[in-house]
Ligand code: NDP
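Residue numbers (full-length UniProt numbering): 4 to 338.
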């Protein structure tokens, strides 16, 4: 068996030396336990936070500990009456080929209902993040303008498509012409702008002639600075992620923080940070609606598959700077 551990904590951008691939003996399940074989590992931006020490909403991965992560696994041995050999389950087995579980937190998947990889993508945590953040906080109305960055990614692609279903205008922001073309032509956003274009702020303004009513914040940094002046009175800003800032080593308030707060007051802007589990009570609604939208072709998704656990560190480092095009997955074992 093979696993990837956190070799050291990164300072700034993670590099290969922060990870170590190790061999280990396939563990034996005890009383009430199952042995899992990982098929899909999901790579997600939050893992950058787990590599840091210090206070956050979740505990860090210890140095020499297995990198944390959502997985789709096959049960290959079971001493737990709730699971049989051959069951496919959603698990949180981390960056490793085999793991033991007592069954708590495992969810059985039906491979006939949807491709099993979607359980960590559009029908899993990222899809749920888009659905809950946009609907519970953004509350987009027909005719309003919704803007989302990282628009070709796991969360952003779903945000814009749900906004369209609700009758809003969806404006995406993505890195590069290929991603922008995909977002506009295949996902059906009204427009998509390249944040690396030197004229990006002016082009964003031109694409939002009526201002911005909902800004689904995935990115922070320079993209946020371009969006902020365009926010309308009573705009809603679900603050989901700040991926442009995850490798920052200092956090100083920008010089315009005072002006920003004045606008928050006068324009009555509603910023609200959230972590997807805050909305756990919406999981049933999410699964019902999203499964239906995917079946009907109203929500499309793209997967970026990296082959083999050894390549997980490189794929993860790429995810933090836009090397992925779609939901980043690692195929750890055959399905
Ligand atoms: P994505 O599939 O969107 O991949 C990350 C993307 O971020 C990259 O492809 C890149 O897209 C974009 N990006 C990276 N650096 C920058 C930058 N400096 N400026 C602009 N864009 C950048 O990942 P996810 O959909 O999984 O996650 C999207 C966001 O949602 C992240 O911030 C993540 O932390 C957050 N999140 C929050 C959750 C919560 O519970 N609050 C749960 C899940 C995700 P491009 O090439 O287009 O720039």
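Virtual Cβ for every residue (Gly too), placed ideally from N, Cα, C.
Our two residues, residue 303 and residue 104, have alpha carbons roughly 33 Å apart in a direct line. Counting the other Cβ atoms within 10 Å of the Cβ of residue 289 gives 16 or more, which makes it buried. The continuous beta strand (DSSP E) containing residue 241 extends over residues 234 to 242.
Residue environment: residue 29 is assigned as exposed (fewer than 16 neighbouring CB atoms within 10 Å of its CB, all protein chains considered). Here residue 258 is exposed: its Cβ has fewer than 16 other Cβ atoms, across all protein chains shown, within 10 Å. Counting only the Cα atoms, residue 333 lies some 35 Å from residue 206. Residue pairing from DSSP leaves residue 154 without any beta-bridge partner. Counting only runs of at least 3 residues, the segment 16 to 46 fully encloses the following beta strand (DSSP E) elements, listed from N- to C-terminal order: 22 to 26, 37 to 45. Distance from the CA of residue 19 to the CA of residue 321, rounded to the nearest whole angstrom, comes to 11 Å. Ligand 1 has no heavy atom closer than 8 Å to the beta-carbon of residue 304. No Cβ-Cβ contact shorter than 9 Å links residue 68 with residue 123. Residue 111 is bridged by DSSP to 92. With fewer than 16 other CB atoms across the displayed protein chains lying within 10 angstroms of its CB, residue 14 is exposed.
The beta carbons of residue 66 and residue 9 sit about 6 Å from each other, so the pair counts as a contact at 8 Å. According to DSSP, residue pairing for residue 5 in a beta bridge involves 26.
If you check the C-beta of residue 277 against ligand 1, you find a heavy atom less than 8 Å away.
In this structure, residue 198 sits near residue 152, with a CB-CB distance shorter than 9 Å. Each residue's CA atom was taken as its position, placing residue 108 and residue 307 some 26 Å apart. Under the three-state reduction of DSSP, residue 147 is assigned to coil, being neither helix nor strand.
Placement of the Cβ of residue 198 at a distance of less than 8 Å from at least one heavy atom of ligand 1 is found.
The shortest C-alpha to C-alpha distance from residue 7 to any of 77, 64, 147, 209 is the one to 64. In the three-state reduction of the DSSP assignment, residue 302 falls in the coil class. Within the same chain, 45, 47, 73, 279 come within 8 Å of residue 128 by CB-CB distance, once the 5 residues on both sides are set aside.
Residue 331 is bridged by DSSP to 307. Taking each of 173, 130, 159 in turn and checking the Cα distance to residue 147, the smallest one comes out for 173. The criterion of a C-beta distance shorter than 9 Å is satisfied by residue 175 and residue 190. It is roughly 17 Å from the alpha-carbon of residue 263 to the alpha-carbon of residue 219.
If you look at residue 60, you'll find it isn't in any beta strand (DSSP E); DSSP assigns it neither H nor E. Contact annotation: the segment 177 to 185 does not touch the segment 230 to 237, with fewer than three C-beta pairs closer than 8 Å. Residue environment analysis places residue 27 among the exposed positions, since fewer than 16 neighbouring C-beta atoms fall within 10 angstroms of its C-beta. According to DSSP, residue pairing for residue 176 in a beta bridge involves 152, 196.
Cβ neighbours of residue 95 within its own chain (closer than 6 Å, five residues either side excluded): 73. In the DSSP annotation of this structure, residue 71 is not part of any beta strand (DSSP E), being labelled neither H nor E.
Rounded to the nearest whole angstrom, the CA to CA distance from residue 113 to residue 269 is 50 Å.
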